[in-house]
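Student:
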DNA sequence: CTCCAGGTCGTTG
DNA sequence: CAACGACATGGA
């Protein structure tokens, strides 16, 4: 990969195994907006990014090499060899080949913990378009202004200190419905020093146990957070789509989610999170 | 109009 | 334990 810094943008050439659209649209994050084909506005980690991809060239507007090194390289997980991950998974399990080939450009993002936790509590029995609407509304009403692109204003997801001051009614006003008390619980659980580092010394089991102590966070949400913001790439969240897709591919009958989860963890091991995301996105797109 | 959405909780067999 | 309904809202 070759990186060139211009006055107002950063250009990454020969980017392998990465597609901005697939990575953002695969259902792991919600605070972004599509402008055109493979061109997006992304709000993450306290920053706003205008990003565009054509073939294997990625352009990041209004950013610098410093900000890239500090924020976006890690956020988009661009230092990791996805070619190697995909090869290993495909060799281990030929049933994954169609999913990986179809969703070849997905990267697992490294998101901010508090936003990711709140977003996936919101996600329960909601369609992705609705989750995005709710996250957007919370950001516009309670988050900080992040910048303007093409005359449109964008807002960050609220910081922990703001979330902790939000009432159940505040969350209800943002159409979160029966999840509102869960969100209040989760905000109360958060502390300002709870970033990724807070969990980095913990094992997967320890971190999961702590997340499950929040009323409103179950196995599925906990595993999403462990995977998408805490770096536990062995986490294997099982939702309705993974259930359907894996019943179809592996079980050929109605199967309980806890059995599917255990199966996924044992079959894919440290690469479980990647396998899950290829299968989820592939199964949902069919 | 009916069905269902990246679930979780409390209750009931 | 395992199964089941309630929960709030709105897209398809």
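Residue numbers (my numbering): 790 to 1075. No residue lacks a Cβ here, since even glycine has one placed at the ideal position from N, Cα and C. Since this is a predicted model, take the numbers as computed values, not measurements.
Assuming residue 944 is part of the alpha helix (DSSP H), what are its boundary residues?
Tutor: To locate residue 944, count along the first chain from 1; it is residue 155. Looking at the DSSP string, residue 944 is not in any alpha helix (DSSP H); the run it does join, the beta strand (DSSP E), is 941-944.
Student: Looking at the structure shown, is residue 992 part of a helix, part of a strand, or coil, going by DSSP?
Tutor: In the first chain, counting from the first residue as 1, residue 992 sits at position 203. Coil, per DSSP.
Student: Write down the C-beta distance between residue 975 and residue 907 rounded to the nearest angstrom, noting that I regard them as a contact closer than 8 Å.
Tutor: What you label residue 975 is simply residue 186 of the first chain in a count that begins at 1. What you label residue 907 is simply residue 118 of the first chain in a count that begins at 1. Confirmed, Cβ separation roughly 6 Å.
Student: Quick one, are the C-beta atoms of residue 898 and residue 1017 less than 8 Å apart?
Tutor: Here the question's residue 898 lines up with position 109 in the first chain. Here the question's residue 1017 lines up with position 228 in the first chain. Cβ distance < 8 Å, so residue 898 and residue 1017 count as in contact.
Student: Does the count of Cβ pairs from the stretch 986-1001 and the stretch 1031-1047 closer than 8 Å reach three?
Tutor: They do not touch, by the three-pair rule.
Student: Using the Cβ count rule (16 or more neighbours within 10 Å means buried), how would you classify residue 795?
Tutor: As a first step, residue 795 must be located in the first chain, where it is residue number 6. The residue in question, residue 795, is exposed, as its Cβ has fewer than 16 Cβ neighbours within 10 Å.
Student: For the pair the stretch 843-858 and the stretch 794-813, tell me if three or more CB-CB distances fall below 8 Å.
Tutor: The stretch 843-858, when compared against the stretch 794-813, does touch it at the 8 Å Cβ threshold.
Student: Suppose only complete runs of 4+ residues qualify. What are the alpha helix (DSSP H) ranges in the stretch 1027-1071, listed by chain order?
Tutor: For the stretch 1027-1071, whole alpha helix (DSSP H) runs of length 4 or above, ordered along the chain, are 1029-1035 and 1046-1057.
Student: Considering only the beta carbon of each residue, do residue 985 and residue 932 sit closer than 8 Å?
Tutor: Position 196 of the first chain, counting from 1, holds the residue named residue 985. Position 143 of the first chain, counting from 1, holds the residue named residue 932. Not a contact, by the Cβ cut-off of 8 Å.
Student: I need the boundaries of the beta strand (DSSP E) containing residue 938, first residue and last residue.
Tutor: The sequence position of residue 938 within the first chain is 149, counting from 1. Residues 934-938.
Student: Note the first and the last residue of the continuous beta strand (DSSP E) segment covering residue 849.
Tutor: Translated into the one-based positions of the first chain, residue 849 becomes position 60. Taken as a continuous stretch (DSSP letters only), the beta strand (DSSP E) holding residue 849 covers 846-850.
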